[in-house]
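Encoded as structure tokens, the structure appears first; notes follow it.
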Amino acid sequence: MIKLPNFTANDGPVTMVNLLKYNDKEYYFNTYIPAFEKVTQQLGITGVKVVLANKVIAPVLAPEDVYWDAIVLVEYPSADAFKRIAESELYHEIADPHRLKATKELHLFMTQPM
186 MIKLPNFTAN DGPVTMVNLL KYNDKEYYFN TYIPAFEKVT QQLGITGVKV VLANKVIAPV
246 LAPEDVYWDA IVLVEYPSAD AFKRIAESEL YHEIADPHRL KATKELHLFM TQPM
């Protein structure tokens with residue numbers, strides 16, 4: 186289960202920055218994403234949307250051995266909405282097993298406008 190650290194976020198949307206290394210890119214988009222959407226629907230959380238989903242073509246200002254397959258930005262209506270999803274039993278039963286199968290590595294950052 187994902188245990189979120191204590192954080193302070195302003196009211197309003199947050200954007201999650203996902204740095205991804207895939208085990209299986211097609212599985213991520215064809216299985217994990219639909220399972221994640223099913224969870225948000227069942228929890229009654231609306232307004233979650235992918236803002237950007239880009240493949241990384243080259244590290245520029247990064248060590249040569251640090252490489253990500255993709256960067257995905259996902260906007261949530263609030264930090265609380267993200268927390269409700271991430272800590273829910275539904276997420277861990279329905280979506281998280283697919284995320285674990287699809288990704289080799291994931292770094293996740295919660296952001297808000299400055």
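Quick note: the sequence shown uses this note's numbering, first residue 186, plus one each step.
Glycine is no exception: its CB is placed at the ideal position from the N, C-alpha and C atoms.
Computed from a prediction, not measured in an experiment: that's the story for all the values here.
Restricting attention to 248, 205 and 236, the CA atom closest to the CA of residue 260 is found in 236.
Per DSSP, residue 202 is one residue of the beta strand (DSSP E) stretching across 199 to 207.
Residue 233 and residue 276 have their alpha carbons spaced roughly 14 angstroms apart.
Remark: C-beta atoms of residue 206 and residue 296 do not approach each other more closely than 8 angstroms.
Boundaries for residue 235: no alpha helix (DSSP H) harbours it, while the beta strand (DSSP E) harbouring it runs 234 to 240, taken from the DSSP string. By the criterion of a C-beta distance shorter than 8 angstroms, residue 251 is surrounded in its chain by 244, once the five residues flanking it on both sides are discounted.
Assignment of residue 288 by DSSP, reduced to helix, strand and coil, places it in the strand class.
In the structure shown, the three-state DSSP call for residue 230 is coil. Residue 213 and residue 219 have their alpha carbons spaced roughly 9 angstroms apart.
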